[in-house]
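Engineer: In the numbering used here, the protein residues as written are 37 to 604.
Each residue gets a CB set at the ideal place from its N, CA and C atoms; glycine is no exception.
A quick note: this is a predicted structure, and the numbers were derived from the prediction, not measured.
Attaching a single structure in structure tokens format; questions to follow.
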Amino acid sequence: MTEKIEGDMKTNFIYTMIKDDLKNGLLGNKPVHTRFPPEPNGYLHIGHAKAILLNYNIARDFKGFFNLRFDDTNPIKEEQEFVDSIIEDIRWLGADWGDRQFFTSDYFETKYEFATRLIKAGKAYVCDLSPEEIREYRGTLTEPGQESPYRDRSSEENLDLFERMRRGEFPNGSRVLRAKIDMFSGNLNMRDPVIYRILHADHHRTGDKWCIYPMYDFDHPFSDALEGITHSLCSIEYSDHRPLYDWIVESALELMPEEVKFRSRQTEFARLNMTYTVMSKRKLRRLVEENHVSGWDDPRMPTIAGLRRRGVTPEAIADFQDRVGVSRADSTVDLALFEHCIRQDLETKAPRLMVVLDPLKVVITNWPEGKTEMVEMENMPGDVSAGTRKVPFTGEIFIERDDFMEEAPKKFFRLAPGKEVRLKGAYIICCEKVIKDENGKITELHCNYDPRTKSNQDTSGKKVKGVIHWVAEKHAAFIDVNLYDTLFTVENPEEDNEKDFTGQINPQSLIVCKNVPAEPAVKEALPGNRFQFLRKGYFYYDSVASREGSPVFNRVVALRDSWAKVNN
RNA sequence: UGCGGGAUGGUGUAGCGGUAGCACGGAUGACUCUGGAUCAUCAAGCCUAGGUUCGAUCCCUAGUCCCGCAGCCA
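In structure tokens:
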């Protein structure tokens with residue numbers, strides 16, 4: 037039985053490691069404890085969702101805990117606005133941190149104390165080198181650094197200087213506190229890294245209480261140790277920081293054992309990349325600031341806020357993350373996988389509705405003048421419990437313009453002159469006349485219907501290959517619809533470093549369809565509802581863009597379209 | 001002659017000494033009142049070269065290619 041449970045567990049290198057840790061008793065009687073440590077300086081995106089769900093799922097699967105900790109060590113970049121959006125996004129994703137919401141700034145005092153102990157232990161010193169000098173002394177990738185002339189100050193002097201740094205006696209950039217490690221290390225991070233800098237700036241939480249702030253490399257491992265994080269997961273670019281992480285944790289254990297809850301360890305995994313999108317905060321910010329999109333929550337953005345407004349469900353995102361897995365290898369996931377997860381989730385959740393996005397009028401010449409017939413349609417094919425609805429059918433309807441072809445190829449199963457097609461839920465019609473304007477544009481079709489072919493009561497014996505959707509003109513409700521395509525025209529917008537990625541933006545990424553006819557049932561839709569517009573895709577009632585009485589629907593994702601493939 | 005990572009079908013990911021599996025994507029067919037969904041079938045892979053072994057994707061050696069690192073950012 038245990039084997040069965042083990043078998044159900046995900047098989048990735050992190051789960052394997054944790055199982056081993058548990059088996060080897062590395063955690064003692066401590067439960068597995070993870071965390072997600074966002075810096076509140078921007079919006080979360082789908083790549084963050086990978087990290088959030090990975091950490092959260094581990095805590096869930098191993099019956100442990102998951103913390104949310106804001107990494108707010110840099111007052112210049114961080115804002116409350118982002119704290120709020122991050123909380124909203126993580127909640128929406130379904131990751132639950134219970135009451136364990138922390139700010140790294142909560143521990144500034146403890147961290148200061150730790151720093152002073154480091155100084156007393158001769159493991160840190162105040163350095164007066166300028167930023168430029170520090171860079172020069174650091175050496176290069178291939179050459180070792182050289183030691184700072186301030187490296188061997190007495191701990192009394194260091195302590196005094198550090199206290200005065202805190203008191204605000206020195207200007208920004210004049211001095212820093214550095215860990216005394218090894219200027220000759222092959223790992224740049226170990227060359228006496230800066231651990232505190234002077235920043236006379238207001239912090240979004242601590243206000244003007246501090247004018248010195250810890251650096252990530254000092255702060256992060258220590259916060260993990262304080263919170264008892266057992267497995268500190270981060271992305272690959274932090275691999276080089278791991279020795280420093282361990283140095284800090286070991287030092288904390290040695291100098292501050294009373295505060296340290298666990299000897300945390302860092303494990304790195306590859307971040308998520310997706311085709312047809314960019315993921316870096318900097319690039320996403322440019323898209324917003326240069327108005328290539330309408331904002332952080334533009335439905336074309338890979339941000340959580342954007343995906344939510346697009347209409348993607350948190351379940352689809354979770355499923356996607358499960359399928360993507362986690363490894364240490366660089367990878368770019370095919371957007372098609374994400375779209376598949378979305379479709380699969382919505383397939384059984386989204387009731388069907390008929391909407392014509394590009395209307396072409398059809399007059400049914402033999403339909404009794406003025407007659408409206410209510411036809412019954414399933415809300416969810418294959419799911420009787422979802423019930424049916426009545427849809428009005430009349431002699432003047434709209435069909436999709438591309439469901440008609442004047443000169444149709446053999447494989448075209450829809451309407452063409454002299455050819456028959458079924459109107460979904462209603463009758464089979466045959467096209468008898470094409471009406472055009474002076475420019476040759478088709479403005480209207482005249483068709484006749486076969487009264488024997490009513491859906492579910494068909495006595496004609498006719499078999500037609502094509503079934504199309506329609507909306508009765510007289511009863512139509514009108515809605516606005518946004519059709520989205522990928523924001524970029526190329527799979528990897530960042531591939532060519534010479535070209536700016538904004539040059540690859542897809543001019544067709546948003547197509548707005550105004551006042552498009554929909555069956556009257558759409559009037560009962562509520563903001564936040566999702567539907568499948570028959571044959572057109574899944575759509576989301578966008579509460580942000582909609583106004584009273586004029587709903588806006590965003591296409592979450594189109595349906596798979598095998599005709600489009602045949603077609604080209 | 002810096003340090004640290006990584007290479008399994010088109011894409012993502014399992015397998016860690018015993019016939020290379022899953023998913024997406026692709027192809028073909030069936031079914032269908034959504035060219036949707038569903039079902040069936042097929043194509044497609046271990047970076048290279050040596051070595052160890054009865055047997056290597058896995059272990060060893062030597063390469064190749066790719067990624068990250070020189071903020072008082074995180």
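Quick check: Arg227 and Asp218, are their CB atoms within less than 8 angstroms of each other?
Structural biologist: yes
Engineer: Curious, which full-length beta strand (DSSP E) runs of at least 3 residues does the segment 451 to 498 contain?
Structural biologist: 456 to 459, 464 to 472, 478 to 486
Engineer: From Asp358 to Leu90, what does the alpha carbon distance come to, in whole angstroms?
Structural biologist: 9 angstroms
Engineer: Going by CA-CA distance only, name the one from Gly423, Thr489, Met413, Val398 that's closest to Lys469.
Structural biologist: Val398
Engineer: Are there three or more Cβ pairs, one per stretch, closer than 8 angstroms when the segment 481 to 489 is compared with the segment 512 to 532?
Structural biologist: no
Engineer: By DSSP, does Thr70 sit in helix, in strand, or in coil?
Structural biologist: strand
Engineer: Less than 7 angstroms between C-beta atoms, sequence neighbours within five positions excluded: which residues of the same chain meet that for Ser288?
Structural biologist: Per the sequence presented here, residue 288 reads as Ala, with Ser not at that position. Within the same chain, Ala288 has close Cβ partners Phe150, Phe258, Ala261, Val296.
Engineer: Can you say whether Gly134 is buried or exposed, counting buried as having 16 or more other CB atoms within 10 angstroms of its CB?
Structural biologist: exposed
Engineer: Does DSSP put Pro76 in a helix, a strand or coil?
Structural biologist: coil
Engineer: Taking Cβ positions, are Lys141 and His239 nearer each other than 8 angstroms?
Structural biologist: Residue identity check: residue 141 is Ser in the sequence provided, not Lys. Going by C-beta atoms, Ser141 is nearer than 8 angstroms to His239.
Engineer: Comparing C-alpha positions only, which one of Val580, Tyr312, Ala594, Val162 sits nearest to Leu393?
Structural biologist: Ala594
Engineer: In terms of alpha-carbon separation, which member of Thr368, Ser363, Lys601 lies closest to Phe448?
Structural biologist: Lys601
Engineer: In angstroms, rounded to a whole number, what distance separates the CA positions of Leu265 and Gly61?
Structural biologist: Reading off the sequence shown, one finds Ile at residue 265, where the question assumed Leu. Between Ile265 and Gly61, the C-alpha separation is close to 16 angstroms.
Engineer: Out of Ile50, Leu224, Phe356, Glu325, point me to the one whose CA is closest to Cys270's CA.
Structural biologist: Ile50
Engineer: Helix, strand or coil for His376? Go by DSSP, reduced to three states.
Structural biologist: Residue state, collapsed to three classes: helix.
Engineer: Mind checking which residues open and close the beta strand (DSSP E) that includes Asp516?
Structural biologist: 513 to 520
Engineer: Assuming Asp516 and Lys550 make a contact with CB atoms under 8 angstroms, what is their CB distance in whole Å?
Structural biologist: 5 angstroms
Engineer: Identify every residue that forms a DSSP beta bridge with Arg233.
Structural biologist: Val212, Tyr249
Engineer: In the DSSP output, which residue or residues are listed as bridge partners for Lys397?
Structural biologist: Phe434, Glu480
Engineer: Under a Cβ-count criterion, where at least 16 other Cβ atoms within 10 Å of its own Cβ denotes burial, should Asp255 be classed as buried or exposed?
Structural biologist: buried
Engineer: Starting from Ile547 and walking both ways along the beta strand (DSSP E), at which residues does that stretch end?
Structural biologist: 546 to 554
Engineer: Using 8 angstroms as the threshold, is the C-beta distance between Tyr576 and Ala561 below it?
Structural biologist: In this structure, the beta-carbon distance from Tyr576 to Ala561 does not fall below 8 angstroms.
Engineer: Applying the criterion that 16 or more other CB atoms from any shown protein chain within 10 Å of the CB defines a buried residue, is Phe434 buried or exposed?
Structural biologist: buried
Engineer: Determine the DSSP secondary structure at Lys426, reduced to helix, strand or coil.
Structural biologist: strand
Engineer: Evaluate Ser300 with the Cβ neighbour count: other Cβ atoms within 10 Å of its Cβ, from every protein chain shown; 16 or more gives buried, anything less gives exposed.
Structural biologist: It is buried - the Cβ of Ser300 has at least 16 other Cβ atoms within 10 Å.
Engineer: Express the C-alpha separation of Pro74 and Pro445 in angstroms, rounding to a whole number.
Structural biologist: 55 angstroms
Engineer: Given this structure, state the Cα-to-Cα distance separating Glu138 from Leu104, to the nearest angstrom.
Structural biologist: Position check: residue 138 holds Phe in this sequence, whereas Glu was assumed. So the alpha carbons of these two residues sit roughly 6 angstroms apart.
Engineer: Using 8 angstroms for Cβ pairs, my map puts Asn194 next to Leu280. What's the rounded Cβ distance?
Structural biologist: No, Asn194 and Leu280 are not in contact; Cβ-Cβ is about 20 angstroms, not under 8 angstroms.
Engineer: Please classify His236 as buried or exposed, where buried requires at least 16 neighbouring CB atoms within 10 angstroms.
Structural biologist: Only exposed fits His236, as fewer than 16 other CB atoms lie within 10 angstroms of its CB.
Engineer: Using the three-state DSSP reduction, which class does Glu531 fall into: helix, strand or coil?
Structural biologist: coil
Engineer: Just the Cα atoms here: how many angstroms apart are Pro563 and Lys66?
Structural biologist: 45 angstroms
Engineer: Sort out for me which residues DSSP pairs Tyr574 with in a bridge.
Structural biologist: Gln568, Val593
Engineer: Ignore the nearest five residues each way along the sequence and tell me which others in Gln116's own chain have a CB closer than 8 angstroms to its CB.
Structural biologist: Pro76, His240
Engineer: Is there contact between the segment 398 to 412 and the segment 460 to 475, where contact requires at least three CB pairs shorter than 8 angstroms?
Structural biologist: The segment 398 to 412 is in contact with the segment 460 to 475.
Engineer: Which same chain residues, not among the five before or five after Val360, have their C-beta less than 8 angstroms away from its C-beta?
Structural biologist: Lys86, Leu308, Val369, Leu373
Engineer: Does the distance from the CB of Arg233 to the CB of Met251 come in under 8 angstroms?
Structural biologist: Yes, they are a contact pair.
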